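Using the working numbering, the first residue of the sequence shown is number 4, and each one after it goes up by one. Ideal placement from N, C-alpha and C gives every residue a C-beta, glycine not left out. For clarity, every value in this text was computed on a predicted model and none was experimentally measured.
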Amino acid sequence: MAVEVGTKVTGKVTGITKFGAFVELGDGKTGLVHISEVSDAYVKDIHDVLHVGEPVTVKVLSIQDGKIGLSIRKAVDKPQQSEHENSHRESHHTPSARPCGNRYQGGARSGGGNHFGHKAQPSKDDFDAMMSGYLKESEDRLSVLRRNTEGKRGGRGGRRS
Numbered sequence: 004m005a006v007e008v009g010t011k012v013t014g015k016v017t018g019i020t021k022f023g024a025f026v027e028l029g030d031g032k033t034g035l036v037h038i039s040e041v042s043d044a045y046v047k048d049i050h051d052v053l054h055v056g057e058p059v060t061v062k063v064l065s066i067q068d069g070k071i072g073l074s075i076r077k078a079v080d081k082p083q084q085s086e087h088e089n090s091h092r093e094s095h096h097t098p099s100a101r102p103c104g105n106r107y108q109g110g111a112r113s114g115g116g117n118h119f120g121h122k123a124q125p126s127k128d129d130f131d132a133m134m135s136g137y138l139k140e141s142e143d144r145l146s147v148l149r150r151n152t153e154g155k156r157g158g159r160g161g162r163r164s
């Protein structure tokens, strides 16, 4: 079996380290799957995902100086997303809907928001209202910050040691 860049190969996990896993590819060749190439999701401990002796399908990413770089995450065939799914995801994104006290700022739009994947057309009034709300909120935060730092420095004309 020839190991070439871009090919998918079935191998067996022979060793696990904190930075990745070694996979035996056959013909006495061994490659390394870096921990970042194990899964699309974040992997804190590789032992949670792979075990020694486990058969895996890997894609050969690189061959340099006899070292073979492998990826499990790129060997998995992912279904293509249709245009409808992509537009559906984008339409439900509400920018900066963060809690601030007991109210939510930034996510509300006039006209009832998004209806079944159709983006609402923001008007100039919405932008002006959003900007004035942002300015008021930032001024409030700055005044609180000034108040807290003045107290720690001794305040107005306080003596320093």
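Asked	Found
To the nearest angstrom, how far is it from the Cα of S65 to the Cα of S42?	18 Å
Looking at the structure shown, is L28 part of a helix, part of a strand, or coil, going by DSSP?	strand
Between T33 and E27, what straight-line distance do the alpha-carbon atoms span, to the nearest angstrom?	4 Å
Which residues does DSSP list as the beta-bridge partners of K15?	E27 and P58
Quick check: the Cα distance between G116 and G136, rounded to an integer number of angstroms?	Bear in mind that the predicted position of G116 carries a pLDDT of just 49, short of 50, making it unreliable; the figure below should be weighed with that in mind. Roughly 18 Å separates the two Cα atoms.
When the Cα of D30 is compared with those of V6, T10 and V59, which residue comes out closest?	V6
Using the Cβ count rule (16 or more neighbours within 10 Å means buried), how would you classify E40?	buried
V8 and G23 - do their beta-carbons sit closer together than 8 Å?	no
Rounded to a whole number of angstroms, what is the C-alpha to C-alpha distance between L73 and K21?	16 Å
Roughly how many whole angstroms lie between the Cα atoms of D131 and Y45?	40 Å
Using the Cβ count rule (16 or more neighbours within 10 Å means buried), how would you classify V79?	exposed
Using only alpha-carbon positions, find the residue among V61, H50 and I38 that is nearest to K15.	V61
Quick one, are the C-beta atoms of V63 and I71 less than 8 Å apart?	yes
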